[in-house]
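Asks: In terms of this note's numbering, the sequence shown has 503 at position 45, counting the first letter as 1, and numbering is strictly consecutive. Note that CB positions come from ideal geometry on N, CA and C, so glycine has one too.
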Amino acid sequence: MKSPGPIVVIEDDVDDKEILTEVFNELGYPNEIVFFNDGEEALVYLNKTDVIPFLILSDINMPKVDGLQLRDKIKTDAKLEMKCIPYLFFTTASSQKAIIDAYSTSAQGFFIKQNSYKELKEVIDIIMKYWMRCSSPNNAQEDLRNLDLPLPKPLNT
């Protein structure tokens with residue numbers, strides 16, 4: 459089975475990092491989880507690595523460079539934009555303004571952190587399954603055949 463790239467998690471809350479680590483371990487996905495405390499640290503990593511992350515889960519409210527600023531920096535950097543990394547906000551910010559601001563950056567998703575461990579785990583599992591099935595330049599259909607996931611049946615047209 460081919461292991462997709464790492465999952466970049468940008469999160470400044472220590473408790474949330476521990477919970478997310480536990481959730482990913484329980485779900486058993488093969489991806490390495492790489493944590494950063496703020497967008498500035500993540501940006502340095504993304505610019506230095508040749509590895510293409512599987513996806514980015516980013517909080518919004520963080521020190522130095524917040525999640526919205528980081529998304530803008532990725533979108534305006536030709537090299538990073540060409541990596542076609544799915545960018546999802548995973549945050550406690552739930553106001554209409556936060557959601558509009560997030561989607562105005564062309565983010566691929568906005569998820570509110572759940573208070574329940576079970577619900578949080580379900581959301582992460584749904585995100586992972588969706589992006590593992592989604593065809594993108596970094597996750598071509600032929601690569602999906604190597605994953606241990608049932609593929610959807612073709613539509614009768």
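Taking its Cβ as the centre, do 16 or more other Cβ atoms sit within 10 Å of residue 556, making it buried, or is it exposed?
Replies: Buried.
Asks: Quick one: any contact between the region 486–498 and the region 535–550, if contact means 3 or more CB pairs under 8 Å?
Replies: Too few Cβ pairs lie closer than 8 Å, so no.
Asks: Assign residue 558 to one of two classes, buried (16 or more other C-beta atoms within 10 Å of its C-beta) or exposed (fewer than that).
Replies: Looking at its Cβ environment, which holds fewer than 16 other Cβ atoms inside 10 Å, residue 558 is exposed.
Asks: What whole-angstrom Cβ distance do residue 510 and residue 537 have, given they're in contact under 8 Å?
Replies: Rounded, the Cβ-Cβ distance is 11 Å, inconsistent with contact.
Asks: Output the distance between the C-alpha atoms of residue 469 and residue 504, rounded to the nearest integer angstrom.
Replies: Going from the Cα of residue 469 to the Cα of residue 504 covers about 15 Å.
Asks: Between which two residues does the alpha helix (DSSP H) containing residue 503 stretch?
Replies: 497–506 is the extent of the alpha helix (DSSP H) around residue 503.
Asks: Would you check if the region 572–581 and the region 467–482 touch, i.e. whether three or more CB-CB distances between them fall below 8 Å?
Replies: As far as the Cβ criterion goes, the region 467–482 touches the region 572–581, which means the pair count is three or higher.
Asks: Please name the residue or residues paired with residue 549 in a DSSP beta bridge.
Replies: Per DSSP, 570.
Asks: Mapping DSSP to helix, strand and coil, what is residue 523?
Replies: Here residue 523 sits in coil by DSSP.
Asks: For residue 466, which of 484, 499, 564, 519 has the nearest alpha-carbon?
Replies: Looking at the Cα atoms, 499 is the closest of the given residues.
Asks: Output needed for residue 485: all residues of its chain with C-beta closer than 8 Å, excluding positions within five of it in sequence on either side, in chain order.
Replies: Hits under 8 Å: 579, 582, 583, 586.
Asks: What does DSSP give as the partner residues of residue 482 in its beta bridges?
Replies: Answer by DSSP bridge pairing: none, since residue 482 is not bridged.
Asks: Start and end of the alpha helix (DSSP H) containing residue 408?
Replies: Outside the displayed span of the chain (459 to 615) sits residue 408, for which this structure offers no information.
Asks: Can you tell me which of the three DSSP states residue 509 falls into?
Replies: Coil, per DSSP.
Asks: Rounded to whole angstroms, what's the CA-CA distance from residue 488 to residue 522? Just pull it up for me.
Replies: Taking the straight line joining both Cα atoms gives about 31 Å.
Asks: From the DSSP output, in three-state form, read off residue 468 for me.
Replies: DSSP places residue 468 in strand when its eight states are reduced to three.
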